[in-house]
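Visitor: Each residue of the sequence shown is one higher than the one before, starting from 1 at the first, in the UniProt record's numbering.
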Amino acid sequence: MSERESMEYDVVIVGGGPAGLSTAIRLKQLAAEKNQEIGVCVLEKGAAIGAHILSGAVMDPSALTELIPDWKEKGAPLNVPVTQDKFLFLSATGARSTPEWMLPECFHNKGNYIVRLGDVAQWMGEQAEALGVDIFPGFAAAEILYDEAGAVRGVATGDMGVARDGSHTDHYQPGMELLARYTIFAEGSRGQLGRQLIERFKLDEGRNAQSYGIGIKEMWEVDPAQARPGLVVHTAGWPLDADTYGGSFLYHLDNNIVAVGLIVGLDYANPWLSPFEEFQRYKTHPAIRGTFEGGKRIAYGARAITAGGLLALPKLTFPGGAMVGCEAGFLNASRIKGSHAAIKSGMLAAEAAFDAIVADRRQDELAAYPAAFESSWLHAELNKARNFKQWFKKGRTVGVLMTGIEQLLFKGKMPWSLRNNKPDHACLQPASQCARIDYPKPDGKLTFDRLGSVFISNTNHEENEPIHLTLKDPTIPVAVNLATYGGPEARYCPAGVYEFIKDDHGADRLQINAQNCVHCKTCDIKDPKQNIVWVAPQGGEGPVYNGM
1 MSERESMEYD VVIVGGGPAG LSTAIRLKQL AAEKNQEIGV CVLEKGAAIG AHILSGAVMD
61 PSALTELIPD WKEKGAPLNV PVTQDKFLFL SATGARSTPE WMLPECFHNK GNYIVRLGDV
121 AQWMGEQAEA LGVDIFPGFA AAEILYDEAG AVRGVATGDM GVARDGSHTD HYQPGMELLA
181 RYTIFAEGSR GQLGRQLIER FKLDEGRNAQ SYGIGIKEMW EVDPAQARPG LVVHTAGWPL
241 DADTYGGSFL YHLDNNIVAV GLIVGLDYAN PWLSPFEEFQ RYKTHPAIRG TFEGGKRIAY
301 GARAITAGGL LALPKLTFPG GAMVGCEAGF LNASRIKGSH AAIKSGMLAA EAAFDAIVAD
361 RRQDELAAYP AAFESSWLHA ELNKARNFKQ WFKKGRTVGV LMTGIEQLLF KGKMPWSLRN
421 NKPDHACLQP ASQCARIDYP KPDGKLTFDR LGSVFISNTN HEENEPIHLT LKDPTIPVAV
481 NLATYGGPEA RYCPAGVYEF IKDDHGADRL QINAQNCVHC KTCDIKDPKQ NIVWVAPQGG
541 EGPVYNGM
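1) Rounded to the nearest angstrom, what separates H519 and D241 at their Cα positions?
2) Based on the DSSP output, what are the partners of E221 in its beta bridges?
3) Please report the straight-line C-alpha distance between R195 and L313, rounded to a whole angstrom.
4) Note down, one range per segment and in chain order, each beta strand (DSSP E) of at least 3 residues found wholly within the stretch 473-499.
5) Going by CA-CA distance only, name the one from R200, K441, S457 and Q407 that's closest to K384.
6) Which stretch, first to last residue, makes up the beta strand (DSSP E) that contains S97?
7) In terms of residue numbering, what span does the beta strand (DSSP E) encompassing I184 cover?
8) Is it right to say M1 is buried, meaning 16 or more other beta carbons lie within 10 angstroms of its own, or is it exposed?
9) Alpha carbon to alpha carbon, how far is E218 from G296? Give it in angstroms, no decimals.
10) As a quick exercise: from L418, I405, M59 and E278, pick the residue whose alpha carbon is nearest that of R116.
11) Would you list, in sequence order, the uninterrupted beta strand (DSSP E) runs of no fewer than 3 residues that lie entirely inside the stretch 359-446?
12) From the DSSP secondary-structure annotation, give me the bridge partner or partners of W534.
13) Between D360 and A32, what straight-line distance do the alpha-carbon atoms span, to the nearest angstrom?
14) Rounded to the nearest angstrom, how far is the Cβ of L446 from that of F292, given a contact under 8 Å?
15) Closest to E5 by C-alpha separation, out of L178, P137, V400 and Y245, would be which residue?
16) Give the range of the beta strand (DSSP E) segment to which F87 is assigned.
17) Per DSSP, what kind of secondary structure is V133 in: helix, strand or coil?
18) The alpha helix (DSSP H) that contains S454, what's its start and end?
19) Mapping the DSSP letters down to three states, classify V11 as helix, strand or coil.
20) Counting Cβ pairs, one atom from each stretch, are 3 or more of them under 8 Å apart for the stretch 33-44 and the stretch 136-143?
21) So what's Y245 in DSSP terms, helix, strand or just coil?
22) Look at the Cβ atom of A186, then the Cβ atom of V14, and state whether they are nearer than 8 Å.
23) To which residues of the same chain is G486 closer than 8 Å at the C-beta, ignoring the five residues directly before and after it?
24) Exposed or buried, T23, counting other C-beta atoms within 10 Å across all chains shown (16 or more means buried)?
25) Could you tell me the distance, in whole angstroms, from the CA atom of S274 to the CA atom of L262?
26) Using the C-alpha atoms, what's the distance from D504 back to I49?
27) Classify V115 as helix, strand or coil using the three-state DSSP reduction.
28) Which value, in whole angstroms, describes the spacing of the CA atoms of D204 and H108?
29) By Cβ distance below 6 Å, which residues in the same chain neighbour T169 in space, the five residues on each side in sequence not counted?
30) Rank G496, I288 and S167 by C-alpha distance to the C-alpha of V258 and give the top, closest one.
31) Counting contacts by CB-CB distance shorter than 8 Å, is G295 in contact with chain B?
32) Out of curiosity, what's the CA-to-CA distance linking F318 and N35?
33) Could you tell me how far apart the beta carbons of A19 and G346 are, in whole angstroms, since I believe they sit closer than 8 Å?
34) Going by C-alpha distance, which of F388, G399, A322 and G246 is nearest A371?
35) Using CA atoms only, rank isn't needed, just tell me which of A342, L316, L428 and I476 is closest to G325.
36) Between which two residues does the beta strand (DSSP E) holding E541 run?
Here's what the structure looks like:
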């Protein structure tokens, strides 16, 4: 077996999204200002920067303006300012619009931009490279490296050219070790290495249990008569029941492009629920379907979001590194925005790491990072919305009422904080106690099936590679999940990865179609026994999103 080669940097950043790239950019900016030489690299598991990025997205430009004040002159793809906000409460047949004066501040988007976040990430990557950052797309960080004292020393990329049986093909290449004084983890929601760090260093001790959602998104080219560039529409209510957290977004970009999606909280109770089918059904609502009739669906994808807010944030640092962006959970779920928080957290981590490197420190804890966060505008923003997700765990009516009271009456300065110790996977109820949900068949025009959707996500995995979705106990899917919960993995996966089939003897078994995986991580989060483990496949594989 070939030995792994190694490279050394001052800072290694795992993940080429807005959080990781802002960390890299800020480090190089500080180095230039202080006339210091700092080696920085970014590892990105996607085939290119932006290939695995998926978000709504309405972007608050405040953090980007701090990072790159002349972003407009440099051609940042923030081209569609928000011109109008609408918030609708949907019933099965009707829609009730909320007057603008009744909307809490978190739903006002004046000064924000509707963006394709993958394009923004690609542009940020270009800015980072211009500053001298080494960016390695197509390389997934697969292993955390530790020194003798137990501090993080860097990461190793996964081996390439490994066959499903573990043998080496003719294209075998061993992974590479990337060693650093400090390693910053920016993998996004439910990162595989971040999950390991939280467990090893007990970073979530004393915090609320983290809450997640799944966001399912399509992009459409609509009839020009239906295009309203700058219009932002959010909805609550139908098709989800009053006890299920979630809502939709419908964003009008330029060039007759509309982004539409549904977010479903992964703390839902009914195992018969299918977020994918709920999203397809949503588009048939009388107040929604007209936007898409006569149009063409051009892209599809799905992604988990980390939605627990400030009270569920883990400790951000550990010996040798830190977590930024959605890896930690900086999303402001009440605003349905996370890119500005990702960028700001990356900047704060970069500033702490830079000072440590200049002081010739290594592998210690970057205590200045959480301290700076606690005194920042980002902490103040998240603190105002700290109870948002916890209220909605008590049902939509309570969530809407208390969010209004906290944001409109108390202006986010409420004297209470809510606790939540129940993880999402523990919320499923036995299938026998829940009503089945019958979903209509797709029509192929407005609504679609999973496999056709995966096809336009440009997802690809080598057929003979090791499966990147593993089971801790192969008996649990049939003995527990199917027997007790009706096989929920066949419904919560938005890509048709999991299906129960009969073997040659007529017995049930779980088939894993890993080649369909769009890397949303829902299975890793929602499996009721936490039996499914998602890891990054060989570098560059998965979806290839076009500006999602």
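Cβ coordinates follow ideal geometry from the N, Cα and C atoms, glycine included.
Guide: Reading from the atomic positions:
1) The count along the sequence shown starts at 1 and reaches residue 519 at position 519. The count along the sequence shown starts at 1 and reaches residue 241 at position 241. Distance between the alpha carbons of H519 and D241 is about 27 Å.
2) Your numbering for residue 221 matches position 221 in the sequence shown. BP columns for E221 point to I257 and K296.
3) Stepping through the sequence shown from its first residue, residue 195 is reached at position 195. Stepping through the sequence shown from its first residue, residue 313 is reached at position 313. Their backbone Cα atoms lie some 13 Å apart in a straight line.
4) none
5) The residue labelled residue 384 in the question sits at position 384 within the sequence shown. Comparing Cα-Cα distances from K384 to each of R200, K441, S457 and Q407, the minimum goes to Q407.
6) Sequence index remark: in the sequence shown, residue 97 carries index 97 (1-based). Element bounds for S97: A95 to S97.
7) Counting from one through the sequence shown, the residue named residue 184 turns up at place 184. From DSSP, the beta strand (DSSP E) with I184 extends over E177 to F185.
8) The residue labelled residue 1 in the question sits at position 1 within the sequence shown. Here M1 scores only 39 on pLDDT, less than 50, and its place in the model should not be relied on; the value that follows carries that caveat. Answer is exposed; the Cβ neighbour count stays below 16.
9) Looking up residue 296 in the sequence shown gives position 296. Looking up residue 218 in the sequence shown gives position 218. The amino acid occupying residue 296 in the given sequence is Lys; Gly does not appear at that position. The straight-line gap from Cα to Cα measures roughly 10 Å.
10) As a working note, residue 116 is residue 116 in the sequence shown. Checking every option, the nearest Cα to that of R116 belongs to M59.
11) none
12) As a first step, residue 534 must be located in the sequence shown, where it is residue number 534. W534 is bridged to L469.
13) Translated into positions along the sequence shown, residue 360 becomes position 360. Translated into positions along the sequence shown, residue 32 becomes position 32. Cα to Cα, D360 sits roughly 17 Å from A32.
14) Counting from 1 along the sequence shown, the entry for residue 446 is found at position 446. Counting from 1 along the sequence shown, the entry for residue 292 is found at position 292. About 6 Å; that satisfies the 8 Å criterion.
15) Looking up residue 5 in the sequence shown gives position 5. E5 has its Cα closest to that of L178, out of L178, P137, V400 and Y245.
16) For the purposes of this step, residue 87 is taken as residue 87 along the sequence shown, with counting starting at 1. Where F87 is concerned, the enclosing beta strand (DSSP E) stretches over Q84 to L90.
17) Stepping through the sequence shown from its first residue, residue 133 is reached at position 133. Here V133 sits in coil by DSSP.
18) Translated into the one-based positions of the sequence shown, residue 454 becomes position 454. Residue identity differs from the one stated: residue 454 is Val in this sequence, not Ser. Per DSSP, V454 belongs to the alpha helix (DSSP H) from R450 to F455.
19) Along the sequence shown, one-based indexing puts residue 11 at 11. DSSP places V11 in strand when its eight states are reduced to three.
20) yes
21) Counting from 1 along the sequence shown, the entry for residue 245 is found at position 245. Coil, per DSSP.
22) Position 186 of the sequence shown holds residue 186. Position 14 of the sequence shown holds residue 14. Cβ distance < 8 Å, so A186 and V14 count as in contact.
23) On the sequence shown, position 486 is the one that residue 486 refers to. Within the same chain, G486 has close Cβ partners P271, W272 and A431.
24) As a first step, residue 23 is located in the sequence shown; it is residue number 23 there, counting from the start. Counting Cβ neighbours within 10 Å, T23 comes out buried, since at least 16 surround it.
25) On the sequence shown, residue 274 is found 274 positions in, with the first residue counted as 1. On the sequence shown, residue 262 is found 262 positions in, with the first residue counted as 1. Approximately 12 Å between the Cα atoms of the pair.
26) In the sequence shown, counting from the first residue as 1, residue 49 sits at position 49. In the sequence shown, counting from the first residue as 1, residue 504 sits at position 504. Going by the C-alpha atoms only, they are around 44 Å apart.
27) One-based indexing of the sequence shown puts residue 115 at position 115. In this structure, V115 counts as coil in the three-state DSSP scheme.
28) Translated into the one-based positions of the sequence shown, residue 204 becomes position 204. Translated into the one-based positions of the sequence shown, residue 108 becomes position 108. One C-alpha to the other measures close to 32 Å.
29) The sequence position of residue 169 within the sequence shown is 169, counting from 1. Contacts found: G161 and A163.
30) The residue you call residue 258 lines up with position 258 of the sequence shown. It is I288.
31) The structure shown contains no chain B, having only a single protein chain.
32) For the purposes of this step, residue 318 is identified with residue 318 of the sequence shown, where counting begins at 1. For the purposes of this step, residue 35 is identified with residue 35 of the sequence shown, where counting begins at 1. So the two alpha carbons sit approximately 28 Å from each other.
33) Position 19 of the sequence shown, counting from 1, holds the residue named residue 19. Position 346 of the sequence shown, counting from 1, holds the residue named residue 346. Confirmed, about 4 Å.
34) To locate residue 371, count along the sequence shown from 1; it is residue 371. Selected option, being the one with the closest Cα: A322.
35) As a working mapping, residue 325 is identified with position 325 in the sequence shown. Comparing Cα-Cα distances from G325 to each of A342, L316, L428 and I476, the minimum goes to A342.
36) To locate residue 541, count along the sequence shown from 1; it is residue 541. No beta strand (DSSP E) contains E541, which DSSP labels as neither H nor E.
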